[in-house]
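Scroll down for the structure; my scribbles are underneath it.
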Amino acid sequence: MAKRSFLIPGVDKRLLIKDSIKTMPDVTRRRFIAGGASLGALTLLTGCDVVDSSSAEEMLKQVSKFNDAVQSFIFNPDALAPTFPESAITKPFPFNAYYDLDDAPDVDGNDWKLEVRGLVDNKKSWTLDELYELPQVTQITRHICVEGWSAIGSWTGTPLRDFLKLIGADTRAKYVWFQCADKDGYNSPLDMRSALHPQTQMTFKYANEILPRAYGFPMKIRVPTKLGFKNPKYVVSMEVTNDYKGGYWEDQGYNSFSGS
Amino acid sequence: MASLTVTDEQVRATPAKVIQPAWVRVMHWVNALAMILMILSGWQIYNASPLFGFSFPREYTLGGWLAGGLLWHFAAMWLLMINGLAYLITGFATGRFAKKLLPITASGVLHDVRAALTFKLGHDDLTVYNYVQRLLYAGIIVVGVLIVLSGLAMWKPVQLYYLVMLFGDYPTARYVHFFCMAAICAFLVIHVLLALLVPKSLRAMIIGR
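Protein sequence lines, in the order shown, are assigned to chains F and Z. The first sequence begins at 1 in this note's numbering and counts up by one. The second sequence begins at 1001 in this note's numbering and counts up by one.
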């Protein structure tokens, strides 16, 4: 218990559970369009059942793909996310996941290795000690959740683009796809231009301390130009690929680009 | 030239004149649909992380859950943006805004508010907006611009950082977006109520006369 309260000082456990229930995926959520209750109001107001069909769902998917393209088009690789002074850091920085912290991956840093796959010259796995020896930078940026809340945190680690260069990644590939240690196999694709953004970071520390379990020990990918769910925690592998392999939340309907 | 310099008196004298031109009617109803989609899906998104101590009832949200709400919101966004831009451009270019909404004077507004509250406000000539209408319509256009700008600031706080600066910071943009929504809902209630009280104004917005 003492260890846990050290990891997330001041976090209310009841709120944590409430939060995790709120974000828990379930069958009704996957079938979001068919949620009749939510459409009653619209049907009432417009007098026609415009949304109770799979064609509406298909239309929304197409618009979401179009929105991916628009966001990619307006993405400026040189535009930096705002940085903040230490005094602006949100305390405590919230733990957020679709599970309780007790169920969060508890990775043994001694056994852990980062697997590197796909379109790279050097596919060797990296131990935590090897990664810790890479040059690191600290950035204080705002984490914006898809739910709307945001929090400012201090993240320290190695710019992902430096690591991609180091392993000889084909940076003309479309995606870097991350797989995580979560029990449901959390994964998420990151478009290459965002992966190469100067602030996109392989994060090993939070607030100058080794990354706590709550925030993704041993390694989180911090992408200040993306919404929070595009910042995978407990990362176990990365794959440089041209294939769109989907992602945990992306497959359930969240917009894939989700840039900020 | 005569037709270009026609006075208000001459316009009023013309029988069975078009009160609401076709472009106004089309854009009005497209906007009505877009706004309803934006509000209901917006409530769904709000419920994922409420700013205040309440949530919107599920029956009045669109999308079923957060991702569905977001998909609807970012689809209807295009409808609202394109229609809204076309409305603003046409409104200014044709001089309709200047003619219908100006001038707005404090004394005029006070007079018409008093008249409205005592049910003495006339609606005989639908081509001329009273001062309360002018204030509400001009105001809701400003709110409409604000809600789009604050929405864009929340959607792309890095790429459109100058918009975030305009509102102060990211959380402030969220509050601005919410209060603009509240203002639009309040406007909607009054607007629909008045349209029902003066049915010929509703007819004019449907068939033009």
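By construction, the Cβ of each residue, glycine as well, lies at the ideal position given by its N, Cα and C atoms.
Reduced DSSP category for residue i - H, G, I as helix; E, B as strand; rest coil
{"i": "Phe178(F)", "result": "strand"}
{"i": "Met219(F)", "result": "coil"}
{"i": "Leu80(F)", "result": "coil"}
{"i": "Lys205(F)", "result": "strand"}
{"i": "Asp1169(Z)", "result": "coil"}
{"i": "Val1018(Z)", "result": "coil"}
{"i": "Asp191(F)", "result": "strand"}
{"i": "Pro1199(Z)", "result": "helix"}
{"i": "Gly36(F)", "result": "Residue placement at Gly36(F) is flagged as unreliable, the pLDDT there being 42, under the threshold of 50; the coordinate-derived value follows with that caveat. In the structure shown, Gly36(F) sits in a helix (DSSP, three-state: H, G or I)."}
{"i": "Glu58(F)", "result": "helix"}
{"i": "Thr127(F)", "result": "strand"}
{"i": "Thr1090(Z)", "result": "helix"}
{"i": "Ile210(F)", "result": "strand"}
{"i": "Ala169(F)", "result": "strand"}
{"i": "Arg161(F)", "result": "helix"}
{"i": "Gly118(F)", "result": "strand"}
{"i": "Lys1099(Z)", "result": "helix"}
{"i": "Ala1158(Z)", "result": "A small correction: the amino acid at residue 1158(Z) is Val; Ala does not occupy that position in the sequence shown. Reduced to three states, the DSSP call for Val1158(Z) is coil."}
C-beta neighbour in chain F for residue i, strict 8 Å
{"i": "Tyr1175(Z)", "result": "no"}
{"i": "Trp1023(Z)", "result": "no"}
{"i": "Gln1133(Z)", "result": "no"}
{"i": "Lys1200(Z)", "result": "no"}
{"i": "Tyr1170(Z)", "result": "yes"}
{"i": "Asp1049(Z)", "result": "The sequence given here places Ser at residue 1049(Z); Asp does not occur at that position. Output row for Ser1049(Z): interface = yes."}
{"i": "Leu1196(Z)", "result": "no"}
{"i": "Ala1067(Z)", "result": "yes"}
{"i": "Ile1045(Z)", "result": "yes"}
{"i": "Tyr1161(Z)", "result": "yes"}
{"i": "Leu1193(Z)", "result": "no"}
Identified DSSP bridge partners for residue i
{"i": "Gly259(F)", "result": "Lys226(F)"}
{"i": "Ile152(F)", "result": "Arg142(F)"}
C-beta neighbour in chain Z for residue i, strict 8 Å
{"i": "Ser150(F)", "result": "yes"}
{"i": "Phe75(F)", "result": "yes"}
{"i": "Tyr244(F)", "result": "no"}
{"i": "Leu60(F)", "result": "yes"}
{"i": "Thr90(F)", "result": "no"}
{"i": "Gln252(F)", "result": "yes"}
{"i": "Ser64(F)", "result": "yes"}
{"i": "Val107(F)", "result": "no"}
{"i": "Pro82(F)", "result": "yes"}
{"i": "Ser54(F)", "result": "no"}
{"i": "Asn255(F)", "result": "yes"}
{"i": "Gln208(F)", "result": "For the record, residue 208(F) in the displayed sequence is Asn; it is not Gln. With 8 Å as the cut-off, Asn208(F) does not count as an interface residue toward chain Z."}
{"i": "Ser87(F)", "result": "no"}
{"i": "Ala269(F)", "result": "Shown here, chain F extends from 1 to 260; a query on residue 269(F) therefore has no answer."}
{"i": "Asn187(F)", "result": "no"}
{"i": "Ser260(F)", "result": "yes"}
Member of the options whose CA lies at the smallest distance from the CA of residue i
{"i": "Val1026(Z)", "options": "Ser1055(Z), Tyr1087(Z), Phe1097(Z) and Leu1136(Z)", "result": "Tyr1087(Z)"}
{"i": "Tyr248(F)", "options": "Asp162(F), Ala214(F), Asp170(F) and Lys183(F)", "result": "Lys183(F)"}
{"i": "Ala195(F)", "options": "Gly153(F), Tyr186(F) and Phe163(F)", "result": "Phe163(F)"}
{"i": "Gly253(F)", "options": "Arg1114(Z), Leu1070(Z) and Leu1040(Z)", "result": "Leu1070(Z)"}
{"i": "Phe178(F)", "options": "Asp68(F), Ala88(F) and Lys233(F)", "result": "Lys233(F)"}
{"i": "Ile1019(Z)", "options": "Pro1103(Z), Asp1125(Z), Ser1049(Z) and Gly1053(Z)", "result": "Asp1125(Z)"}
{"i": "Arg1058(Z)", "options": "Ile1039(Z), Val1198(Z), Trp1029(Z) and Ala1034(Z)", "result": "Ile1039(Z)"}
{"i": "Thr138(F)", "options": "Gln71(F), Pro218(F) and Pro198(F)", "result": "Pro198(F)"}
{"i": "Arg172(F)", "options": "Asp103(F), Gln71(F), Val120(F) and Val70(F)", "result": "Val120(F)"}
{"i": "Ser1049(Z)", "options": "Pro92(F), Pro85(F), Pro77(F) and Asn96(F)", "result": "Asn96(F)"}
{"i": "Pro85(F)", "options": "Leu101(F), Met202(F), Trp155(F) and Val146(F)", "result": "Trp155(F)"}
{"i": "Phe93(F)", "options": "Arg142(F), Glu133(F) and Lys245(F)", "result": "Arg142(F)"}
{"i": "Pro77(F)", "options": "Ile144(F), Ala104(F) and Thr225(F)", "result": "Thr225(F)"}
Proximity test, residue i beta-carbon vs the ligand HEM heavy atom, cut-off 7 Å
{"i": "Gly1063(Z)", "result": "For the ligand HEM, the structure offers nothing, since it holds no ligand at all."}
message: What are the residues in the segment 1071-1091 of chain Z lying within 8 Å of chain F by C-beta distance?
response: Leu1071, Trp1072, Phe1074, Ala1075 and Trp1078
task: Check each residue of the segment 1128-1159 of chain Z: if its Cβ is closer than 7 Å to any Cβ of chain F, include it; give the result in chain order.
output: Lys1156, Pro1157, Val1158 and Gln1159
- prompt: What residues in the segment 213-231 of chain F have a beta carbon less than 8 Å from any beta carbon of chain Z?
  reply: Pro224 and Thr225
message: Counting only Cβ-Cβ distances shorter than 8 Å, please list the residues of the segment 117-150 of chain F near chain Z, keeping chain order.
response: Arg142, Ile144, Cys145, Val146, Glu147, Gly148, Trp149 and Ser150
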